[in-house]
Amino acid sequence: MSTRESFNPESYELDKSFRLTRFTELKGTGCKVPQDVLQKLLESLQENHFQEDEQFLGAVMPRLGIGMDTCVIPLRHGGLSLVQTTDYIYPIVDDPYMMGRIACANVLSDLYAMGVTECDNMLMLLGVSNKMTDRGLLICLPREQAARFCAEIKSPKYGEGHQAWIIGIVEKGNRTARIIDKPRIIEVAPQVATQNVNPTPGATS
Numbered sequence: 001m002s003t004r005e006s007f008n009p010e011s012y013e014l015d016k017s018f019r020l021t022r023f024t025e026l027k028g029t030g031c032k033v034p035q036d037v038l039q040k041l042l043e044s045l046q047e048n049h050f051q052e053d054e055q056f057l058g059a060v061m062p063r064l065g066i067g068m069d070t071c072v073i074p075l076r077h078g079g080l081s082l083v084q085t086t087d088y089i090y091p092i093v094d095d096p097y098m099m100g101r102i103a104c105a106n107v108l109s110d111l112y113a114m115g116v117t118e119c120d121n122m123l124m125l126l127g128v129s130n131k132m133t134d135r136g137l138l139i140c141l142p143r144e145q146a147a148r149f150c151a152e153i154k155s156p157k158y159g160e161g162h163q164a165w166i167i168g169i170v171e172k173g174n175r176t177a178r179i180i181d182k183p184r185i186i187e188v189a190p191q192v193a194t195q196n197v198n199p200t201p202g203a204t205s
C-alpha cells in the first residue's frame with residue numbers, strides 16, 4: 001500500500017499558515033438545514049406519504065427511498081429505477097487531495113447502501129471561498145488529479161469523474177447500475193473574484 005506525504009502548503013508556494021479548514025465556519029456536513037425546518041419546507045410534497053404505492057405512467061409503483069439518503073425514481077422502462085443522491089460537505093481536513101477523497105467516499109456510500117455497485121454519472125458542484133487567493137484556488141482545485149482519482153473509484157474505463165452529485169440506474173432483481181453517460185464537471189465560481197494573482201509572501205491565503 002502506497003503512502004502519501006502530509007500536505008505542506010509551502011511545497012505549493014502557499015504561506016505556511018495556509019489551512020483549508022479556515023475557509024469555513026462549518027465543518028463536515030454541519031451545514032445542513034435542521035430537520036424540523038426541512039420537514040416544514042417539504043410538507044406540501046408529502047401530502048400522500050401514507051400511501052404505500054402510487055400511480056406512475058399507468059402502473060402502480062412502490063414508494064421507495066422515503067427516509068433514505070437517496071432518491072429512488074421509477075423510470076418508464078420496465079423494471080428500472082433511477083437512484084440519485086446529492087451531498088454537500090465542508091472541509092474537515094487541510095489536505096485538498098484527501099478532502100476530495102473523503103467527499104467522494106461520503107456521497108458514494110449513499111448509493112452503496114442501496115445496493116448500487118456501479119455509477120452512471122458523477123457531477124461535481126464546486127463552491128469556492130471568496131477569501132482564497134487565486135494561487136490558493138489553483139492549488140486546491142487540481143481538476144485533472146481529482147478526476148483521475150474519482151474515475152478510478154467509479155470505473156477505470158469510463159472516463160473522468162467527480163464527487164458530490166452521483167446518479168445511477170438500478171434494475172429490480174439485479175442490483176448493479178448501467179453506464180449510460182460520461183461524467184460531467186460543473187464548477188461554481190466564487191461570488192467575489194479576487195485580484196491577487198501572486199500573493200504577497202507572508203500573507204494569509
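Residue numbers for the sequence shown follow UniProt numbering, beginning at 1 and rising by one.
For each residue, glycine too, the CB sits at the ideal point set by N, CA and C.
- Short of 6 Å from the beta carbon of R19, and not among the five residues preceding or following it, lie these beta carbons of its own chain, in chain order: D94.
- Look at M122 here: in three-state DSSP terms it is strand.
- Of the candidates I102, C119, M98, M98 places its Cα closest to the Cα of S6.
- Pairing T70 with L41 gives a Cβ-Cβ distance that is not under 8 Å.
- Cβ atoms of T21 and I102 stay farther apart than 8 Å, at about 12 Å.
- Ranked by how close their Cα comes to the Cα of R4, the residues I73, L108, P96 have P96 in first place.
- The beta-bridge partner set that DSSP reports for S17 is empty.
- Burial check for P34: the Cβ neighbour count within 10 Å stays below 16, so the residue is exposed.
- Residue nearest to S109 within the set M68, S129, L82 is M68 (criterion: CA-CA distance).
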